[in-house]
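**Q** Sharing a structure, written as structure tokens. Questions coming.
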Amino acid sequence: MLRLKAVWTILLSFISIPLFSQISFLPYQVYYTGSNPQVVAIGDLNNDGLNDIALGTGFYFDSINDFKVFIYYQNNLGNLTSPVVYSYPNGGGIKAISIGDVNNDSLMDLIIGYDDSIGIFYQNLSGALDSLVSYYSGNDVDCIRTGDLNNDSRTDIAVSHWNSPYIKIFYQDTIGFHTYNYTSPQAGRDEIEIGDLNNDGLNDLVFMPGQLITGIRVYYQNLAGTLNGYVIYNQPSSMPISMYGIAVGDLNNDGRNDVVGTGLGYNKIAIWFQDTITGLLQTPIDTVTYMNPEAVEIGDLNNDGKNEIILINAGWLNASVYEQDSSGTYGEYQMFPIPFSSHCLPQGLSIGDINNDGKKDIAIASFDGSTATGLILLKNNSYIQSVENVVLNRDELNAFPNPFLSSVVINLSGNTTDREVTLKIYDSKGMLLISETTRNSSIQLNLETLVSGVYVIAAEYDSKRVFRKLVKF
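Each residue of the sequence shown is one higher than the one before, counting from 85 in the numbering used here.
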């Protein structure tokens, strides 16, 4: 038995799982659309308080499904209904999509970018979308984002164009829109993001020139309600070619927005943290990724108050998720299988709660020319941890024997008999398997029903959680 324990001690040194893996997803689901899915967005498109999904297709010799927008409405059971399909004019296809209230009626509208125009499907009072209304924007629209860019409490539309030296802003006013062009680098496969990047309470615009030109450009909004000329922020020297996608969000829990970008050719991401003193972006850091990172988003997937980084490794059958570690950094990632897809455009990824369970899910526009062509969903199955104090000092939680055969004794350091403690056992993917409440400082758990493997035990008491890894022979 001593020799067996020694062997397990050696094996345990090679087991590499997070102390407590919170992020998990159900197996992916495919909603076949045909044609060539390009872009996807999540938002409430019938004003029922539930998120829906909009997916746009381009051209792929499919007369029924080419140049279409599929709307998957969520019903009261948290399921997606059969799609309602809308058409847009034939041409070069769709490369951009966004959801926002762009006529100030408190209803979310759908905005798409195709050829040289933006098109708006305005939501009406009956909870449906009106026919497409188009506005000329410029050569080959390749990204659209919505947000208030002149501090008038109305949602505006920012548009970038392939190989064009400007960004166009459709400023919403009382009678429609007025437009203004801002000079930009002349590139292609651009991406735009909107957010407050200097903590002055005003939305700014981040522009990624996605072809041949490196770095990002930030257009800071001024008090006059316009955007200043762009400020250049270089990317890491380890990423010498242009990026593929960007996202904006708080990545170090200081209440300020930061920027992340993917380096497709070098399998890295870059993070620009916002400086708390100057409000400018700091020199970026880089982190290694899995193969060919493309589209990227930022969001809190496990409701712990800390954002994750989500990216697509389209040609490599995976979505990757970076979860903050105990030091607040993004050094490791988890991978979740998805079908093969030739590419994922910058707006081919969206996150949001699409089954009304309070957790953000992942939606991907995926094309591979087969039955996996269409909308790919990864439904969030993560353990939801509250933002109470999480204690990672495992000395407070002892388990013996560990590894174990059938039962294990759990001891809580300093516990008293009148304190209520909840013990929970999770598998390595964060799935809750066993929950038991006790008032004893020591308890023996019969775990004969568990299969051999690695588990995590959590003890919850006094608004604290402590964790320890368990291994069963």
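Cβ coordinates follow ideal geometry from the N, Cα and C atoms, glycine included.
Keep in mind the model is a prediction, meaning the values are calculated, not measured.
1. Would you tell me roughly how many angstroms separate the C-alpha atoms of leucine 584 and glycine 203, rounded to the nearest one?
2. Nearest by alpha-carbon distance to aspartate 224: which of Ile195, Gly272, Asn235 and Leu216 is it?
3. Are there three or more Cβ pairs, one per stretch, closer than 8 Å when the stretch 395 to 413 is compared with the stretch 434 to 444?
4. Quick check: the Cα distance between leucine 395 and methionine 419, rounded to an integer number of angstroms?
5. Can you give me the Cβ contacts of isoleucine 325 inside the same chain, cut-off strictly under 6 Å, excluding the 5 residues immediately before and after it?
6. Distance, Cα to Cα, asparagine 131 vs leucine 531?
7. Measure the alpha-carbon distance for asparagine 391 versus isoleucine 382 and round it to whole angstroms.
8. Would you check if the stretch 275 to 286 and the stretch 331 to 340 touch, i.e. whether three or more CB-CB distances between them fall below 8 Å?
9. Are the Cβ atoms of leucine 216 and alanine 138 separated by less than 8 Å?
10. Taking 6 Å as the limit between beta carbons, can you name the residues of its chain near cysteine 428, skipping five residues before and five after?
11. Which whole-angstrom value describes the C-beta separation of lysine 556 and phenylalanine 488, a residue pair presumed to lie in contact below a C-beta threshold of 8 Å?
12. In angstroms, rounded to a whole number, what distance separates the CA positions of threonine 117 and alanine 542?
13. Going by Cα to Cα distance, which pick from Tyr220, Tyr510, Pro430 and Leu529 is closest to isoleucine 181?
14. What does DSSP give as the partner residue(s) for tyrosine 172 in the beta ladder?
15. For valine 380, which residues does DSSP report across the bridge?
16. Which residue wins for smallest C-alpha separation from lysine 152, given the options Asp136, Leu311 and Gly176?
17. Ignore the nearest five residues each way along the sequence and tell me which others in tyrosine 115's own chain have a CB closer than 6 Å to its CB.
18. What is the DSSP secondary structure of tryptophan 400, reduced to helix, strand or coil?
19. State the Cα-Cα distance for the pair glutamine 113 and proline 423, rounded to the nearest angstrom.
20. For aspartate 183 and isoleucine 518, what's the separation of their Cα atoms in angstroms?
21. So isoleucine 241 and threonine 258 are supposed to be a Cβ contact under 8 Å. How far apart are they, rounded?
22. Specify the secondary structure class of leucine 296 as computed by DSSP and reduced to three states.
23. Could you pull out every residue in the same chain whose Cβ sits closer than 6 Å to the Cβ of aspartate 150, ignoring the five residues on either side in sequence?
24. Mark proline 293 as exposed unless 16 or more other C-beta atoms lie within 10 angstroms of its C-beta, in which case mark it buried.
25. Given valine 168, which residues of its chain have a CB within under 6 Å of its CB, disregarding the five upstream and five downstream residues?
26. Based on Cα-Cα distance, which residue from Ile253, Asp128, Tyr157 and Tyr406 lies nearest to valine 83?
27. Would you tell me roughly how many angstroms separate the C-alpha atoms of leucine 88 and lysine 508, rounded to the nearest one?
28. Going by C-alpha distance, which of Gly432, Lys444, Val372 and Asn387 is nearest glycine 415?
29. Distance, Cα to Cα, leucine 481 vs threonine 298?
30. If the criterion is Cβ atoms closer than 8 Å, does the pair isoleucine 448 and valine 124 meet it?
31. Can you tell which of Asn376, Trp246 and Tyr206 has its C-alpha closest to the C-alpha of cysteine 227?
**A** Considering the structure as presented:
1. Shown here, the chain extends from 85 to 557; a query on residue 584 therefore has no answer.
2. Gly272
3. no
4. 10 Å
5. Gly349
6. 47 Å
7. 6 Å
8. yes
9. no
10. Glu378, Ala379, Ile396 and Ala398
11. 6 Å
12. 43 Å
13. Pro430
14. Answer by DSSP bridge pairing: none, since tyrosine 172 is not bridged.
15. Leu395
16. Gly176
17. Gly458 and Leu459
18. helix
19. 9 Å
20. Residue 183 is actually isoleucine in this sequence, not aspartate. One C-alpha to the other measures close to 41 Å.
21. Incorrect: roughly 16 Å between the Cβ atoms, too far for contact.
22. coil
23. Ser119 and Phe143
24. buried
25. Ile155
26. Summary: the structure shown does not reach residue 83, with the chain confined to residues 85 through 557, and so no result is reported for it.
27. Caution is warranted here: a pLDDT of 41 is assigned to leucine 88, below 50, making its placement in the model unreliable, and no coordinate value can be reported.
28. Val372
29. 49 Å
30. yes
31. Trp246
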